[in-house]
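Encoded as structure tokens, the structure appears first; notes follow it.
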Amino acid sequence: MTGSVDAEARDLAALSARTRAEQLRAEGLGVDDLTDEDRELFLDRAINGLREDDPIRSASVAVVGWQKIVVALLLVLSIAGLIWQPIRAAVVLIAVCTYAYVATMIDRLLVFRQGLAYRAIVITDEEARAIPDEELPPYTILVPAYHEPEVVGDLLAAMERLEYPADKVQVLLLLEADDEITIAAAENYRDSEIITIVLVPPAEPRTKPKACNYGLFLATGDIVTIYDAEDLPEPLQLRRAAAVFAKLPDNMACVQSKLAYHNSHQNMLTGWFTAEYNLWFGYLLPGLMRSESAIPLGGTSNHLRRSVLEDIGAWDPYNVTEDADLGLRLYALGYRTAVLDSTTLEEANSDPINWIRQRSRWYKGYLQTWLVHIRRPRLMWKTVGPRSFIRLTLILAGTPIIAVLNLLFWFITLLWFLGQPGVVGAVFPWYVYFPALIALVIGNGITLYMNLISLREDDRSDLIVPALTVPAFFALMSIAAAKGVYQIIRSPSYWEKTFHGLATKPDDEPSNTA
Amino acid sequence: MNRFSDLRLKRWAYGLAFALYAGVAYWLEVVHGFILGDALARVSAVQGVLFSRDPHLAAIGFIFTPLTALAQLPMIALSSWWPALAERGFSAGLMSSAFMAGAVLQVLSMGIDRGLPRSFSVTITVLFALHPMIVFYGANGMSEAPFIFLMTWAVRRLVLWMVDDDVHHLIAAGAVAMALAYLTRYDALVCVAVSSSVVAVTTYLRALEPPRKRRALLDFIVIGSPGILAFAGWAIASWLITGEAFGQFTSQYGNSAIVKNSGQEGPGPLDGFEFAVTSISLLAPMLIPLAWLAIWQRWRRPKWAMLIPPAAIFGSALAFQSASYISGSTFGFLRFYIVAIPFAATLALLAVPDGEFVEPTRRGRHAPAPSRIPSTRWAGGYLPVAAMMAVCVVVSGWGMTSAKYAVQEYGLESIVDPDPNATSAKRQEEARILRTFSTDRKIAAYIDSLNLPDGSVVLDTVYGFGIVAASRRPKVFVVPSDPDYVRMINDPVNRGAKYLIAVVPTPLWSIDTLNKRHPGLYGDGADIATLDMEIPNDGANQPDWRLYKVNEPVPGR
Chain A
30 MTGSVDAEAR DLAALSARTR AEQLRAEGLG VDDLTDEDRE LFLDRAINGL REDDPIRSAS
90 VAVVGWQKIV VALLLVLSIA GLIWQPIRAA VVLIAVCTYA YVATMIDRLL VFRQGLAYRA
150 IVITDEEARA IPDEELPPYT ILVPAYHEPE VVGDLLAAME RLEYPADKVQ VLLLLEADDE
210 ITIAAAENYR DSEIITIVLV PPAEPRTKPK ACNYGLFLAT GDIVTIYDAE DLPEPLQLRR
270 AAAVFAKLPD NMACVQSKLA YHNSHQNMLT GWFTAEYNLW FGYLLPGLMR SESAIPLGGT
330 SNHLRRSVLE DIGAWDPYNV TEDADLGLRL YALGYRTAVL DSTTLEEANS DPINWIRQRS
390 RWYKGYLQTW LVHIRRPRLM WKTVGPRSFI RLTLILAGTP IIAVLNLLFW FITLLWFLGQ
450 PGVVGAVFPW YVYFPALIAL VIGNGITLYM NLISLREDDR SDLIVPALTV PAFFALMSIA
510 AAKGVYQIIR SPSYWEKTFH GLATKPDDEP SNTA
Chain B
3 MNRFSDLRLK RWAYGLAFAL YAGVAYWLEV VHGFILGDAL ARVSAVQGVL FSRDPHLAAI
63 GFIFTPLTAL AQLPMIALSS WWPALAERGF SAGLMSSAFM AGAVLQVLSM GIDRGLPRSF
123 SVTITVLFAL HPMIVFYGAN GMSEAPFIFL MTWAVRRLVL WMVDDDVHHL IAAGAVAMAL
183 AYLTRYDALV CVAVSSSVVA VTTYLRALEP PRKRRALLDF IVIGSPGILA FAGWAIASWL
243 ITGEAFGQFT SQYGNSAIVK NSGQEGPGPL DGFEFAVTSI SLLAPMLIPL AWLAIWQRWR
303 RPKWAMLIPP AAIFGSALAF QSASYISGST FGFLRFYIVA IPFAATLALL AVPDGEFVEP
363 TRRGRHAPAP SRIPSTRWAG GYLPVAAMMA VCVVVSGWGM TSAKYAVQEY GLESIVDPDP
423 NATSAKRQEE ARILRTFSTD RKIAAYIDSL NLPDGSVVLD TVYGFGIVAA SRRPKVFVVP
483 SDPDYVRMIN DPVNRGAKYL IAVVPTPLWS IDTLNKRHPG LYGDGADIAT LDMEIPNDGA
543 NQPDWRLYKV NEPVPGR
């Protein structure tokens, strides 16, 4: 009966960590008052909380038993088919890919349509400033950083710009305890009243969600949000988010702000990336909100109710896109996310190699998240309904797969143009050929067109060239997706770090995104 | 008060208009067997896609852009249950009915969008819908119906865009209406260019902060790129499949070649201009007065810019057709000027004061500021405007009987107002027009009665499409879209052909491939076939045929 003893111990640990955190808050104690036992307890819960309490929602195991069987079965079937009836099997495989591609495309278009018609939630400056200070909820801003000594100063400046009563904001700079250079840089700002430095004891996995989970035990705010150290949130964002929370029902557990890039003109890559973010946060996320679908959260600027976060196990340290996963977990448990019209400026990745690392992590994380959330397919289907179920599959699994397929389809097209080999004709009977043609021409065309529309609506005509050349960006995406898919097979939890600080200062940029 | 909501009104308008046009189509095509050649040719092409010996989409043909034919695919698919859909070309009539009813819906919506008195919007819509040219082209299966629908839709959305800057209008007009319009008719390319320029210039002028040029360029791309993509896509597809990117202009089957073969000279600038102006006046005699009234009403008023989209889009379509005719590259057909009718209806709706506009889905940031100045000089005008529209209807009814201006339409007189005792030359010609494809149907019936195996009758559909369309067994025919057509006409004797259908090789019917491959075939069988039957044509402007029985192959060869 060791199982139940273990379970009891886990429950105790969960209870004691949360109780201890409450006790600290009640007594007004902070990070400097932590004992070694506290640190150990919090760290253990930060790493193991979700996977012990709710293992089926944790990505610590990439695929569970039945999923392994299904994946193996599909593989065996495909290989056997390709050996036994190569052409027929290829037709089936290509047909499945094509239909998945077309479905993902159509779904994206539907989401965009809703997003274009209904916009994100707007809280005017007047409304935001009208809330009396004493009615504003206490806020905690978590800022995880790793090997980023140069951005600490930026963070301080960004935090100072926020229009929120200083006594109601707690900024926790979460650093790995062995990250000496960043700690050294942060020490220069020790006197700052704004930032509290939290050293997270070194332990695997060294991920952002683990740091955030640890920081959450020290958070005193009712609302918790995450920024990257180099982020520039719009100064009224916290007030606007507070207004949304006050206005909307209690199951609205999260408010996602828009992310945009300040270095859109640094090079072509940052231009593409900016246009893509414009579309995603400005139109697709509002469309998802409007259609009551699950929203994969962006990496930062999501404002969350702390009580809900604690109830559902906070971030999954084993998921490499813990933000997307959290959005889905919230949704599956009946909570909703609002999309707020307030922008946080970030730095777009300007280096192709670095960008591919980052993007492959995102794709991998999407797949990881999808695999986690379909572990109980019938339950999911029942709780969120068929439409949301299909949509979350199309977004999480469809996005990376479509990116890989693009590469494949382009390759086949090129092959066809070069030599018209008979085998290509054979694996594309008309019921596959026409959807594939539509996917290739109209599908890519529509994506490009959605980009153009979002730029027009945001008055970002400065990005015309990146918008028109976006197929080259698709090619990069394909590479990243192929890498991501490969990685989820080889090392599902490995976290590819994105390097920050490669951009020039935002002041050089036109500020019409704000 | 508004028991009958706008949406219900629109649905009823569409339903009634469709029923009317489909009814007329049935009467013309199924009852009287009257259909224009271009419409029947498309029916035959669609039949080739689905029911030829080698069904493939490319059989749709590349001389015309494909929408008019593609829209008929589902109906032709049903033709095995209801043969009249293909045999009599009724699928074309249903296609044009659906599109023309859409045009009626757009005209009505233009009134509703701007909150005009319902009685007025309905009056103008009814006058538009009952205009005899609109009824005929709603029923006769030609590409005019989809073209009018798409043009009117684009104009309607751009009129609204002028006042609310909603991007949805640019999407509907550019990505959907204009792109599809190009896939309906080549001339739409001019409208794509003009409307995109109008949008770009408007944006440049009304959004004053920089970057003005880039912003204007972006709007140009948003509205224009789908049309340009349609243009490029179609050209590439044509080139890949036929080797010619612009078959309409370069192919021997295209309009340019047909005009040349018909021995027509260009009309000369003065006569050509006269013809164009007369045609427009016959279709919409009140177009100019309506335009003056609309301009006078909105002179120096806010929202005057709503007059620009109809003027630019319909105007450029009319100007382009006039120029093509004057330069001798197209025919003098009344139908080429048909957009004068929706143009008049649009101006009629714009010549009266605005009511309350519908709320835009997403007002753009550069929409002109609201104004309290009344939208028109005169708060009335409903009655004279409606009267002018009514005049158009009556005059056109008369104009369509003109054998000079309404070459393709005047034959209708003998259906609408039959006079069995008439002996005038015009009436007799009308009777021949009505019989246009009756000979083709007889040939088809005869071939069907022979119970021949598939692939045994060789025919070039360039003139013989009516025969294949009328046949219940299209697979019997070997046609140019079949992959073995060339091999078959090279050696019909040894490839199993039983019959060749030869067309009289006068200059007008000179591009038939059978005659080209076997000169003298029509005359004496060119040593490969023996005359089986001589088939003089009793339809107007149709060729005589001869049916040749292919000689038996010499044994041992």
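Going down the list, the sequences are from chains A and B.
Mapping to this note's numbering: the first sequence position 196 is 225, numbers consecutive.
Mapping to this note's numbering: the second sequence position 511 is 513, numbers consecutive.
Virtual Cβ for every residue (Gly too), placed ideally from N, Cα, C.
Bear in mind that the values here come from a model prediction, so they are computed numbers and not experimental data.
My parser needs the beta strand (DSSP E) runs of 3 or more residues fully inside the segment 461-498 of chain A; what are they?
none
Residue from A:V227, A:H291, A:C241 and A:L369 with nearest C-alpha to A:R489:
The residue you call residue 489 of chain A lines up with position 460 of the first sequence. Ranking A:V227, A:H291, A:C241 and A:L369 by Cα distance to A:R489 puts A:H291 first.
A:R485 versus chain B: which residues are under 7 angstroms apart at the beta carbon?
On the first sequence, position 456 is the one that residue 485 of chain A refers to. By Cβ distance, chain B contributes V169, L220, D221 and V224.
Quickly, what does DSSP pair B:R548 with across the bridge? List them, please.
Locating residue 548 of chain B in the second sequence gives position 546, where the first residue counts as 1. DSSP output for B:R548 lists B:A504 and B:E536 as bridge partner(s).
At least 3 beta-carbon pairs within less than 8 angstroms: the segment 54-69 of chain B vs the segment 117-131 of chain B:
no
Find the residues of chain A that neighbour B:I173, judging by a C-beta separation of less than 9 angstroms, and give them in chain order.
The residue labelled residue 173 of chain B in the question sits at position 171 within the second sequence. By Cβ distance, chain A contributes L145, Y478 and I482.
Tell me, please, whether the CB atom of B:P485 is closer than 9 angstroms to any CB atom in chain A?
In the second sequence, counting from the first residue as 1, residue 485 of chain B sits at position 483. It does not; no Cβ of chain A falls within 9 angstroms.
A:L396 and A:A367: beta carbons closer than 9 angstroms?
As a first step, residue 396 of chain A must be located in the first sequence, where it is residue number 367. As a first step, residue 367 of chain A must be located in the first sequence, where it is residue number 338. No; because the gap between Cβ atoms is not below 9 angstroms, this pair is not in contact.
Nearest candidate by alpha-carbon position, reference A:Y193, set A:L314, A:A504 and A:E163:
For the purposes of this step, residue 193 of chain A is taken as residue 164 along the first sequence, with counting starting at 1. Comparing Cα positions, the closest option is A:E163.
Is B:F20 helix, strand or coil by DSSP?
Here residue 20 of chain B refers to the residue found at position 18 when the second sequence is read from its first residue. Helix at B:F20.
Is the Cβ of B:G235 closer than 9 angstroms to any Cβ of chain A?
The sequence position of residue 235 of chain B within the second sequence is 233, counting from 1. At least one chain A Cβ lies under 9 angstroms of B:G235.
Can you pull the chain B neighbours of A:G474, defined as C-beta to C-beta under 7 angstroms?
Start at 1 with the first residue of the first sequence, and residue 474 of chain A comes out as number 445. Within chain B, L231 have C-beta atoms less than 7 angstroms from the C-beta of A:G474, given in sequence order.
Does the Cβ-Cβ distance between B:M308 and B:M153 come in under 9 angstroms?
Counted from its first residue, the second sequence places residue 308 of chain B at position 306. Counted from its first residue, the second sequence places residue 153 of chain B at position 151. Cβ atoms of B:M308 and B:M153: not closer than 9 angstroms.
Spell out a yes or no on whether the segment 359-373 of chain A and the segment 95-115 of chain A are touching, meaning 3 or more CB-CB pairs, one atom from each, closer than 8 angstroms.
no
Are any of the Cβ atoms in chain B nearer than 9 angstroms to that of A:E538?
Working through the first sequence from its first residue, we reach residue 538 of chain A at position 509. With a pLDDT of 37 at A:E538, under the threshold of 50, the modelled position of that residue is not reliable, and the figure given next carries that caveat. Cβ-Cβ to chain B under 9 angstroms: no for A:E538.
Closer than 9 angstroms by beta-carbon distance: list the chain A residues that pair up with B:R364, in chain order.
The residue labelled residue 364 of chain B in the question sits at position 362 within the second sequence. Here the neighbours are L145, A146, Y147, R148 and E486.
Cβ atoms of A:R404 and A:V552: under 9 angstroms apart, would you say?
Residue 552 of chain A is absent from the structure shown; chain A starts at 30 and stops at 543.
Which whole runs of the beta strand (DSSP E) in the segment 134-202 of chain A are 3 residues long or more, in chain order?
168-174
With distances taken between CB atoms, is the gap from B:L160 to B:F439 smaller than 9 angstroms?
By 1-based counting over the second sequence, the position of residue 160 of chain B is 158. By 1-based counting over the second sequence, the position of residue 439 of chain B is 437. No, they are not a contact pair.
9 angstroms is my cut-off, CB to CB: does B:S227 come that close to chain A?
Along the second sequence, one-based indexing puts residue 227 of chain B at 225. At least one chain A Cβ lies under 9 angstroms of B:S227.
Taking Cβ positions, are B:F345 and B:P386 nearer each other than 9 angstroms?
Residue numbering aside, residue 345 of chain B sits at position 343 when the second sequence is read from its first letter. Residue numbering aside, residue 386 of chain B sits at position 384 when the second sequence is read from its first letter. The Cβ-Cβ distance between B:F345 and B:P386 does not fall below 9 angstroms.
Taking only beta-carbon atoms, is A:S320 less than 9 angstroms away from chain B?
Here residue 320 of chain A corresponds to residue number 291 of the first sequence, with the count starting at 1. So, not an interface residue.
Could you compute how far the alpha carbon of B:V418 sits from the alpha carbon of B:I37?
Here residue 418 of chain B refers to the residue found at position 416 of the second sequence. Here residue 37 of chain B refers to the residue found at position 35 of the second sequence. Their Cα atoms are separated by approximately 15 angstroms.
Tell me, please, whether the CB atom of A:S490 is closer than 9 angstroms to any CB atom in chain B?
Your numbering for residue 490 of chain A matches position 461 in the first sequence. So, interface residue.
Take B:L549 as the anchor and find which of B:S98, B:D526 and B:L292 has the nearest alpha-carbon.
Within the second sequence, the letter at position 547 stands for residue 549 of chain B. B:L549 has its Cα closest to that of B:D526, out of B:S98, B:D526 and B:L292.
Would you please state the rounded distance, in angstroms, between the beta carbons of A:S221 and A:L288? I believe it to be under 8 angstroms.
Position 192 of the first sequence, counted from the first residue, corresponds to residue 221 of chain A. Position 259 of the first sequence, counted from the first residue, corresponds to residue 288 of chain A. In this structure, A:S221 and A:L288 do not form a Cβ contact; the two beta carbons are roughly 25 angstroms apart against a cut-off of 8 angstroms.
Starting from B:A531, follow its DSSP beta bridges and name the residues at the other end.
Taking the first residue of the second sequence as 1, we reach residue 531 of chain B at position 529. Paired residues: B:V552.
Leaving out five residues on either side along the sequence, give the residues of the same chain with a beta carbon under 8 angstroms from the beta carbon of B:L107.
The count along the second sequence starts at 1 and reaches residue 107 of chain B at position 105. Within the same chain, B:L107 has close Cβ partners K12, A15, Y16 and A19.
Anyone know if the C-beta pair for A:I223 and A:A215 falls short of 9 angstroms?
Locating residue 223 of chain A in the first sequence gives position 194, counting from the first residue. Locating residue 215 of chain A in the first sequence gives position 186, counting from the first residue. No, Cβ-Cβ distance for A:I223 and A:A215 is not below 9 angstroms.
Please determine if the segment 153-170 of chain A and the segment 253-269 of chain A are in contact, where contact requires at least 3 C-beta pairs separated by less than 8 angstroms.
yes
Looking at the structure shown, is B:F36 part of a helix, part of a strand, or coil, going by DSSP?
Looking up residue 36 of chain B in the second sequence gives position 34. Looking at B:F36 - three-state DSSP - the assignment turns out to be coil, as it is neither helix nor strand.
Within 9 angstroms of any Cβ in chain B, is that where the Cβ of A:G530 sits?
For the purposes of this step, residue 530 of chain A is taken as residue 501 along the first sequence, with counting starting at 1. The predicted model places A:G530 with a pLDDT of 49, which falls under 50 and marks its position as unreliable; any figure quoted below should be read in that light. By this cut-off, A:G530 is not an interface position.
Members of the segment 190-219 of chain B that neighbour chain D once the beta carbon cut-off is set at 7 angstroms:
Any reference to chain D falls outside this structure, whose protein chains are A and B.
Identify the residues that DSSP records as bridge partners of A:Y290: which are they?
In the first sequence, the residue the question calls residue 290 of chain A occupies position 261. A:Y290 pairs with A:E375.
Considering only their Cβ atoms, is the gap separating B:M490 from B:V480 smaller than 9 angstroms?
For the purposes of this step, residue 480 of chain B is taken as residue 478 along the second sequence, with counting starting at 1. For the purposes of this step, residue 490 of chain B is taken as residue 488 along the second sequence, with counting starting at 1. Cβ atoms of B:V480 and B:M490: closer than 9 angstroms.
Using a beta-carbon distance below 9 angstroms, is B:A177 in contact with chain A?
Counting from one through the second sequence, the residue named residue 177 of chain B turns up at place 175. Interface residue, yes.
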